[in-house]
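Visitor: Just dropping this structure here.
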């Protein structure tokens, strides 16, 4: 790929750095804000449910307040820490022979698949992702457990990647099973 | 499409549209009425409670008429390149399958099919079998046509019809003594749950409490006259007896006349069934491994079953999860020898495995104890808030059961790369040892939770197009996981191995 090789990451995200290096490229910088925005609605829902349960019962007691306080602390931690953590973990790389990604935050996953066994390559953009100019690239193999998803790339990179992968996959041929 | 479309029979491959066997007009109503029975019973009970006893009859008639449309709206066509099926009354669908992508052909005959000399042909094509969209079901061909079609589709080179039986060697057949393992399969538990669900649906749709009617009332009344302890003992004994009997009946129904045969080209053929007969063929090149599965009760009596790991096989539920049964529950040594024989006598089936070490053991035990610890904590808090104390005792029992469970699960963990196969084993309640041809491994997923990373462990998943699509090697030390992955697929993994710290920028 014509994309520059990223330097080593700060290494708190990677899971087996000594033995298997991180994929070379980071995802788009806008991904951090996108992940925050995407996580927001579910916390608003939790907050709304708590309000609906606690408010009608008159003056909330100490227990209720501590539940609300805990929710707020958790929500802020999640909304601030999760995107940063994810941004350090989420990485990807495509070589002449393989596609390699790393994703997750508390639980992390690395996926490796050979280009020769790639069956389909496509991009998806959800409504919020379009707002941020982001796209996901999904690379499937013959295994239902094997699809590799590169999250939150900027659109140009995603399109470039798909075009390149499609060309490579056609070049190798075969039915991939 | 005119009404005189011929029924598919002898000249199978003539590129024109055919109908399925008209004898299906007798089968469809029975099957559809059976399927809709809870609703029909509900309608009947609801109707009769209002004095309209004909409601049930009307509902039955509608279902029967509707079921007949299936035959009238289905056509199929077989050409030298593809098989096409067209069906649907309101939403017409055409399913086309290229013949060179056909990987399995099943012929199933349920009781009614057998009485009428019919077979249901299921053509599997691989990748999309999991969600059912890649399957082509020809429900209702005359048995002879179905068998010929299967042979035609699987052996692409046309062969004289009379060569089929020769050159086949039998690998296994049902030994009646194996039926003694049937109660330990616990398949009757599922039957019990189905009956229970059926009961609740009838009750829900009709509003009638069956426990208050007829013979059921006598039973419930008799139970209520006993002391609580006696009642529990009687109910538990009845449940155990029920599960044992239904499991045995289930085993006999599913595996009677079980035969595993290998044909000359290596194609395996499994035939089995007492009332419903099934015949499944698996091409040798599609068979890439096998799983020896030992549910805890079966393991307790030294039995196991063998399941095929193959591409393009329909994945079923329960015992057939992940592939076709190559051997019903039988002595473990037999299960292992059958697996080895279908995989060209590989030693990977019984070879010793590399254990995953103390970190993995600690993690298994910690996880097995977790549920018990949480239960003890919850019941203790409840007790402090005024709840009775006996739930704490139950929670402690769960906690203590976690110790042997965790030890057993950690003892199960192991993997190896030997004789061209990746071998993995895990599980306690259902212990599975899978051997997978290394050439069938597509790629790798390495999953690690926060705690796994702290222990230097990873769950390595070998992805494949066969069987369960991915086989997990649980809690393997990272070093060994990468050694294995690199040994199996060097060209894929090596570029990402970090030798000396990467300095390229």
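Protein chains in written order, with the working numbering: chain Z, 107 to 283; chain L, 11 to 515. Idealized CB from N, CA, C, for every residue including glycine. Since we're looking at a predicted model, the values are computed, not measured.
So, is residue 267 of chain L buried or exposed, given that buried needs 16 or more other C-beta atoms within 10 angstroms?
Guide: By one-based count along the second chain, residue 267 of chain L stands at place 257. Exposed is the call here.
Visitor: Excluding sequence positions up to five away, which residues of its chain have a Cβ less than 6 angstroms from the Cβ of residue 147 of chain L?
Guide: Mapped onto the second chain, residue 147 of chain L falls at position 137. The answer, listed in chain order, is 132.
Visitor: If we count Cβ pairs, one from each stretch, closer than 8 angstroms, do we get three or more for the stretch 345-355 of chain L versus the stretch 181-197 of chain L?
Guide: yes
Visitor: From residue 497 of chain L to residue 221 of chain Z, what distance separates their C-alpha atoms?
Guide: Locating residue 497 of chain L in the second chain gives position 487, where the first residue counts as 1. Locating residue 221 of chain Z in the first chain gives position 115, where the first residue counts as 1. Note on geometry: alpha-carbon atoms of residue 497 of chain L and residue 221 of chain Z lie some 18 angstroms from one another.
Visitor: Distance cutoff 8 angstroms, beta carbons only. Does residue 480 of chain L sit that close to anything in chain Z?
Guide: What you label residue 480 of chain L is simply residue 470 of the second chain in a count that begins at 1. True, the Cβ-Cβ gap to chain Z drops below 8 angstroms.
Visitor: Which value, in whole angstroms, describes the spacing of the CA atoms of residue 38 of chain L and residue 78 of chain L?
Guide: Within the second chain, numbered from 1, the residue matching residue 38 of chain L stands at position 28. Within the second chain, numbered from 1, the residue matching residue 78 of chain L stands at position 68. A direct Cα-to-Cα measurement between residue 38 of chain L and residue 78 of chain L gives close to 6 angstroms.
Visitor: Assuming residue 115 of chain L and residue 164 of chain L form a contact by the criterion Cβ under 8 angstroms, report the distance between their Cβ atoms to the nearest whole angstrom.
Guide: Within the second chain, the letter at position 105 stands for residue 115 of chain L. Within the second chain, the letter at position 154 stands for residue 164 of chain L. Right, their Cβ atoms sit about 6 angstroms apart.
Visitor: Skipping 5 residues on each side, what residues in its chain have a beta carbon closer than 7 angstroms to that of residue 141 of chain Z?
Guide: Position 35 of the first chain holds residue 141 of chain Z. Excluding sequence neighbours, residue 141 of chain Z sits near 188, 189 and 192.
Visitor: If the cut is a Cβ gap below 8 angstroms, which residues of chain L does residue 213 of chain Z touch?
Guide: Here residue 213 of chain Z refers to the residue found at position 107 when the first chain is read from its first residue. Per Cβ cutoff of 8 angstroms: 457, 458, 459 and 460.
Visitor: Could you give the first and the last residue of the continuous beta strand (DSSP E) run that contains residue 220 of chain Z?
Guide: The residue you call residue 220 of chain Z lines up with position 114 of the first chain. Counting along the chain, the beta strand (DSSP E) containing residue 220 of chain Z begins and ends at 214-220.
Visitor: Please give me, in chain order, every unbroken run of the alpha helix (DSSP H) with length at least 4 that falls completely inside the stretch 130-211 of chain Z.
Guide: Within the stretch 130-211 of chain Z, the runs of alpha helix (DSSP H) at least 4 residues long that lie entirely inside it are, in chain order, 137-160 and 168-195.
Visitor: Could you tell me which chain Z residues have their CB closer than 7 angstroms to the CB of residue 474 of chain L, listed as they occur along the chain?
Guide: As a position in the second chain, residue 474 of chain L is number 464, starting the count at 1. By Cβ distance, chain Z contributes 249.
Visitor: Do you know whose CA, among Z:260, Z:177 and Z:195, lies nearest residue 237 of chain Z's CA?
Guide: What you label residue 237 of chain Z is simply residue 131 of the first chain in a count that begins at 1. That would be Z:260, whose Cα lies nearest to the Cα of residue 237 of chain Z.
Visitor: Count the CB pairs spanning the stretch 371-388 of chain L and the stretch 301-313 of chain L that are closer than 8 angstroms, and state whether there are at least three.
Guide: Contact annotation: the stretch 371-388 of chain L does not touch the stretch 301-313 of chain L, with fewer than three C-beta pairs closer than 8 angstroms.
Visitor: What is the rounded straight-line gap between the Cα of residue 487 of chain L and the Cα of residue 424 of chain L?
Guide: Residue 487 of chain L sits at position 477 when you count from the first residue of the second chain. Residue 424 of chain L sits at position 414 when you count from the first residue of the second chain. Rounded to the nearest angstrom, the two C-alpha atoms are 11 angstroms apart.
Visitor: Quick check: residue 196 of chain Z and residue 145 of chain Z, are their CB atoms within less than 8 angstroms of each other?
Guide: The sequence position of residue 196 of chain Z within the first chain is 90, counting from 1. The sequence position of residue 145 of chain Z within the first chain is 39, counting from 1. In this structure, residue 145 of chain Z does not lie closer than 8 angstroms to residue 196 of chain Z by Cβ.
Visitor: Compile a chain-ordered list of the residues in the stretch 198-211 of chain Z whose CB is closer than 7 angstroms to at least one CB of chain L.
Guide: Of all residues in the stretch 198-211 of chain Z, the ones placed with a Cβ closer than 7 angstroms to any Cβ belonging to chain L are 201, 203, 204 and 206, in chain order.
Visitor: Please decide whether residue 136 of chain Z counts as near chain L, where near means a Cβ-Cβ distance under 8 angstroms.
Guide: Locating residue 136 of chain Z in the first chain gives position 30, where the first residue counts as 1. Not closer than 8 angstroms to any Cβ of chain L, the Cβ of residue 136 of chain Z fails to qualify, so no.
Visitor: Short of 6 angstroms in beta carbon distance, which residues of its chain neighbour residue 506 of chain L, apart from the five on each side in sequence? Order them along the chain.
Guide: Working through the second chain from its first residue, we reach residue 506 of chain L at position 496. Cβ within range, chain order: n/a, list empty.
Visitor: Output the boundary residues of the alpha helix (DSSP H) element that contains residue 462 of chain L.
Guide: Against the second chain, residue 462 of chain L aligns to sequence position 452. Unbroken alpha helix (DSSP H) run through residue 462 of chain L: 460-465.
Visitor: With burial defined as no fewer than 16 other Cβ atoms inside 10 Å of the residue's Cβ, what is the status of residue 93 of chain L: buried or exposed?
Guide: Position 83 of the second chain holds residue 93 of chain L. Answer is buried; the Cβ neighbour count reaches 16.
Visitor: Could you check the C-alpha separation between residue 136 of chain Z and residue 148 of chain Z for me, to the nearest Å?
Guide: Taking the first residue of the first chain as 1, we reach residue 136 of chain Z at position 30. Taking the first residue of the first chain as 1, we reach residue 148 of chain Z at position 42. Near 20 angstroms, if we compare the C-alpha coordinates of residue 148 of chain Z and residue 136 of chain Z.
Visitor: Quick check on residue 83 of chain L - is its C-beta less than 8 angstroms from some C-beta in chain Z?
Guide: Looking up residue 83 of chain L in the second chain gives position 73. Not one chain Z Cβ lies under 8 angstroms of residue 83 of chain L.
Visitor: Of all the options Z:257, Z:181 and Z:274, which has the alpha carbon lying nearest to the alpha carbon of residue 326 of chain Z?
Guide: The question about residue 326 of chain Z has no answer, for chain Z in this structure spans 107 to 283.
Visitor: Measuring straight from C-alpha to C-alpha, what distance separates residue 471 of chain L and residue 252 of chain Z?
Guide: If you number the second chain from 1, residue 471 of chain L lands on position 461. If you number the first chain from 1, residue 252 of chain Z lands on position 146. Spanning the alpha carbons of residue 471 of chain L and residue 252 of chain Z requires a straight line of approximately 9 angstroms.
Visitor: Name the residue from L:469, L:154, L:113 and L:105 whose alpha carbon lies nearest to the alpha carbon of residue 128 of chain L.
Guide: Mapped onto the second chain, residue 128 of chain L falls at position 118. Cα-wise, what sits closest to residue 128 of chain L is L:154.
Visitor: Please report the straight-line C-alpha distance between residue 162 of chain Z and residue 225 of chain L, rounded to a whole angstrom.
Guide: Position 56 of the first chain, counted from the first residue, corresponds to residue 162 of chain Z. Position 215 of the second chain, counted from the first residue, corresponds to residue 225 of chain L. Taking the straight line from one Cα to the other gives about 50 angstroms.
Visitor: Taking residue 125 of chain Z as the query, report the chain L residues whose CB atoms sit under 8 angstroms from its CB, ordered along the chain.
Guide: Numbered from 1 along the first chain, position 19 holds the residue referred to as residue 125 of chain Z. Near residue 125 of chain Z (Cβ distances below 8 angstroms), the residues of chain L are 488, 489, 492, 507 and 508.
Visitor: With 8 angstroms as the threshold, decide whether the Cβ of residue 25 of chain L is near any Cβ in chain Z.
Guide: In the second chain, the residue the question calls residue 25 of chain L occupies position 15. No, residue 25 of chain L does not count as interfacial toward chain Z.
Visitor: In chain Z, what lies closer than 9 angstroms to residue 292 of chain L by C-beta?
Guide: In the second chain, residue 292 of chain L corresponds to position 282, counting from 1. By Cβ distance, chain Z contributes nothing, its closest Cβ being about 14 angstroms from residue 292 of chain L, past 9 angstroms.
Visitor: Based on the DSSP secondary-structure assignment, which residues constitute the bridge partners of residue 96 of chain L?
Guide: By 1-based counting over the second chain, the position of residue 96 of chain L is 86. DSSP lists L:85 and L:104 as partners of residue 96 of chain L.
Visitor: Could you tell me whether the Cβ of residue 253 of chain L comes closer than 8 angstroms to any Cβ of chain Z?
Guide: Numbered from 1 along the second chain, position 243 holds the residue referred to as residue 253 of chain L. Cβ-Cβ to chain Z under 8 angstroms: no for residue 253 of chain L.
Visitor: Could you tell me the distance, in whole angstroms, from the CA atom of residue 160 of chain Z to the CA atom of residue 403 of chain L?
Guide: Numbered from its first residue, the first chain carries residue 160 of chain Z at position 54. Numbered from its first residue, the second chain carries residue 403 of chain L at position 393. Answer to the nearest angstrom: the Cα atoms are 34 angstroms apart.
Visitor: So, does the CB of residue 261 of chain Z fall closer than 8 angstroms to a CB anywhere in chain L?
Guide: For this step, residue 261 of chain Z is matched to residue 155 along the first chain. No, its Cβ sits nowhere closer than 8 angstroms to a Cβ of chain L.
Visitor: Would you call the stretch 228-247 of chain Z in contact with the stretch 260-272 of chain Z, where contact means no fewer than 3 C-beta pairs closer than 8 angstroms?
Guide: yes
Visitor: The alpha helix (DSSP H) spanning residue 265 of chain L covers which residue range?
Guide: In the second chain, residue 265 of chain L corresponds to position 255, counting from 1. Run containing residue 265 of chain L: 238-265, per the alpha helix (DSSP H) assignment.
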